[in-house]
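>
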Amino acid sequence: MRSTADLPARGRRWFSTAIALLAALLLSGCATQSARLQDARPEGLPVRSELVDTPFFPDDSHFCGPAALATSLSAVGLATTPEALIGQVFLPGREGSLQVEMLAGARRQGAVATRIPGTLEALMRETAAGNPVVVLQNLGLSWAPSWHYAVVVGYDLDTGEMLLRSGPVKRETISLRTFEHTWNRSERWAFVALPPGRLPVTASESEAARALVQFERNAPAAKAAEAYRGGLARWPANAVLAMGLGNSLHASGDLAGAEAVFRHTAKTHGLAAAYNNQALVLLELGRHAEARRAAERGLKVAGPLRQTLLETLGTIEKAAATD
Amino acid sequence: MNRFQQFLAVILSMSLINATILVPVAHAGMVTTQEVATVVATGQAESGQARLAAALARDEVRTEMERQGVDPAMAIERIAALTDEEAARLADQIDTAPAGGIIGAILLVFFVLLLTDILGLTKVFPFTRSVR
């Protein structure tokens, strides 16, 4: 049996627990970016920007993933609908869409999907440059999550608001501070999907390279080559992008073009992989002596690719012997 | 695992290796861009072991997707769209990774979320307006 004296004590304990919980909630994670942004506005960033023509696919069930993806793709000229994407990115058992599949789904529609830095400024710069951004938010709390995809289409630094296509709301205005809280909980996950040849303005070199290599995997070779050219225009010294261009040209049947790219890459980067691929393309072109020279040069710098270069040299010698 | 299951697993993984590794390498000997990226990043060539692990991860994800209600034919296409790295990550986290799509919260935390919504820390309910 409960004694009456217990009750106030219990009540007090409950109350202090509630206060502690509330304090923990309030103190966990501050919206530092939004405060900073409004104190000192970044240089060259317009005060406001809004991509008003971004299409809207309302959703009030579990399909915010397909809806956000269709919104971002249709906005950049890769027209599609959420219905067409449900089978590609929605996971019925989880009643939602996973981040990995959102990126893969964008690629399947012919877009290069690039992760961008997790800053409010990056989101703003992208929309100012005309690129809508897909973001993952946790609208709830870390221990009571409500994961949600939305598309950032603009912002207003004067009113301190982010503008989104979000679920059933065509033009959601959400305070920068609240948006930052919901976005922090997804570790500020965001990506921009663009047709091959274009890349998000805020993308880092490594993220862009990663996105392009991922795109090449399932894209038609000519599209992959176009995408790599776009990357090389911004980062001409990137060896991975150069190799990607060479490989895509080769896969699209442009042997002369591929050879030229591999030759240039081998020379500027001293890259064993470039020598190896150049040698094999030269072999395909029937230029055996040059092929052997390239493979031999590659072997000198082969490092971990030694086995590959030895095999290539073997292939060349076999082909030369049968001639 | 009994003997038969082990045997089956080996056969299945062999068929997977055939399907996912040998086919894309149409031009034997060419170093793929993915391999170049791996060498540049790690200083090491891709090992056969890593490829085997990736193939097994794909199979695992496919099984899991079907269990989660994805049509088998669709699941195969979805697996094909993933990179090795993505497939490996999904194999680990398909049950736990954030799945964007859930609007609404359970009743137990309704009031907490209502309060945090009003404080502008969360945005669960469309009818709330943050105080600031």
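Each protein sequence line maps, in turn, to chains C and F.
Numbers given in the numbering used here equal positions in the first sequence, counted from 1, plus 89.
Residue numbers are given in the numbering used here: position 89 of the second sequence equals residue 71, and the series is strictly consecutive.
The beta carbon of each residue, even a glycine, is placed where N, CA and C say it ideally should be.
It should be emphasised that the depicted structure is a prediction, and the values quoted were computed from it without experimental measurement.
Please list, in chain order, the residues of the region 16 to 35 of chain F that have any C-beta partner in chain C closer than 8 Å.
Answer in chain order: Q16, E17, V18, A19, V21, V22, G25, Q26, A27.
> Using C-beta distances below 7 Å, list every residue in its chain close to I405/C, excluding the 5 sequence neighbours before and after it, in chain order.
For I405/C, where only same-chain residues beyond five positions count, the Cβ hits under 7 Å are A368, L372, H377, A380, R381, A384.
> Which residues of chain C have a Cβ atom closer than 7 Å to the Cβ of T65/F, listed in chain order?
Near T65/F (Cβ distances below 7 Å), the residues of chain C are Q303, R306.
> Could you tell me how far apart the beta carbons of V201/C and V222/C are, in whole angstroms, since I believe they sit closer than 8 Å?
Incorrect: roughly 14 Å between the Cβ atoms, too far for contact.
> Tell me where the beta strand (DSSP E) around W236/C begins and ends.
Start and end: 236 to 245.
> Measure the C-alpha to C-alpha separation of A159/C and H151/C and round it to an integer number of angstroms.
About 14 Å.
> Please confirm if A94/C has its CB atom under 9 Å from at least one CB of chain F.
With a pLDDT of only 42 at A94/C, under 50, the local geometry of the prediction cannot be trusted, and no value is derived from it.
> Hey, does I263/C have any beta-carbon neighbour from chain F nearer than 9 Å?
True, the Cβ-Cβ gap to chain F drops below 9 Å.
> At 7 Å on the CB atoms, spell out the chain F contacts of E400/C, in chain order.
In chain order: G11.
> Please find out if some non-hydrogen atom of the ligand MN comes closer than 8 Å to the beta-carbon of T401/C.
As presented, the structure is devoid of all ligands, the ligand MN included, so that no description of it is given.
> Buried or exposed for E68/F, going by 16 or more other Cβ atoms inside 10 Å?
Buried, since its Cβ has 16 or more Cβ neighbours within 10 Å.
> For the beta strand (DSSP E) that S293/C lies in, which residues bound it at each end?
Looking at the DSSP string, S293/C is not in any beta strand (DSSP E), and its letter there is neither H nor E.
> What did DSSP end up calling V350/C once you bin it into helix, strand or coil?
Three-state DSSP puts V350/C in a helix.
> Here's a check: name, in chain order, each residue in its chain whose Cβ is nearer than 7 Å to the Cβ of V21/F, leaving out the five neighbours to either side.
So the list reads A27, once near-sequence residues are dropped.
> Assign L399/C to one of two classes, buried (16 or more other C-beta atoms within 10 Å of its C-beta) or exposed (fewer than that).
Its Cβ having fewer than 16 others within 10 Å, L399/C is exposed.
> How big is the Cα-Cα spacing for T397/C and A79/F?
For T397/C and A79/F, the distance between alpha carbons rounds to 37 Å.
> Apply the 10 Å Cβ neighbour rule to V136/C and answer buried if 16 or more other Cβ atoms are within range, or exposed otherwise.
Its Cβ having fewer than 16 others within 10 Å, V136/C is exposed.
> Suppose you measure from the CA of S275/C to the CA of E348/C; what does that come to, to the nearest Å?
Near 44 Å, if we compare the C-alpha coordinates of E348/C and S275/C.
> Taking the alpha-carbon positions, what's the P108/F to F351/C distance?
Roughly 55 Å separates the two Cα atoms.
> Would you mind reading off the limits of the beta strand (DSSP E) that contains G185/C?
Element bounds for G185/C: 185 to 187.
> Please state the DSSP three-state secondary structure of V94/F.
Helix, per DSSP.
> Any residues in the region 51 to 63 of chain F with a beta carbon nearer than 8 Å to a beta carbon of chain C? Which ones, in chain order?
Listed by position, the residues of the region 51 to 63 of chain F near chain C (Cβ gap below 8 Å) are G51, V52, D53, M56, E59, R60, A62, A63.
> Does any C-beta atom of chain C lie closer than 9 Å to the C-beta of A79/F?
Cβ-Cβ to chain C under 9 Å: yes for A79/F.
> Counting only beta-carbon atoms, is Q188/C nearer than 9 Å to chain F?
With 9 Å as the cut-off, Q188/C counts as an interface residue toward chain F.
> Roughly how many whole angstroms lie between the Cα atoms of S112/F and R318/C?
Between S112/F and R318/C, the C-alpha separation is close to 46 Å.
> Is there at least one Cβ from chain F nearer than 9 Å to W236/C's Cβ?
Closer than 9 Å: yes.
> Roughly how many whole angstroms lie between the Cα atoms of G25/F and N365/C?
Taking the straight line from one Cα to the other gives about 17 Å.
> List, in order along the chain, the chain C residues whose C-beta lies closer than 9 Å to that of E68/F?
Near E68/F (Cβ distances below 9 Å), the residues of chain C are V189, E190, L192, A193, Q303.
> L96/F to R44/F, Cα distance in whole Å?
If you take the alpha carbons of L96/F and R44/F, they lie about 39 Å apart.
> Give the list of continuous alpha helix (DSSP H) stretches no shorter than 4 residues that lie fully inside the region 249 to 308 of chain C.
265 to 273, 294 to 307, all fully within the region 249 to 308 of chain C.
> Between S341/C and chain F, is any beta-carbon pair separated by less than 9 Å?
Cβ-Cβ to chain F under 9 Å: no for S341/C.
> Quick one: which chain F residues come within Cβ less than 7 Å of Q177/C?
Those are R60, listed as they occur along chain F.
> Tell whether a beta-carbon distance below 9 Å holds between L388/C and A363/C.
No, they are not a contact pair.
> One question on the structure: do S293/C and P206/C come within less than 9 Å of each other, judged by their Cβ atoms?
Going by C-beta atoms, S293/C is nearer than 9 Å to P206/C.
> Give, in chain order, every residue of the region 306 to 332 of chain C whose Cβ lies closer than 7 Å to some Cβ of chain A.
Considering every chain present, this structure includes no chain A. Its protein chains are C and F.
> Could you give the residue range of the alpha helix (DSSP H) that holds T121/C?
From DSSP, the alpha helix (DSSP H) with T121/C extends over 121 to 128.
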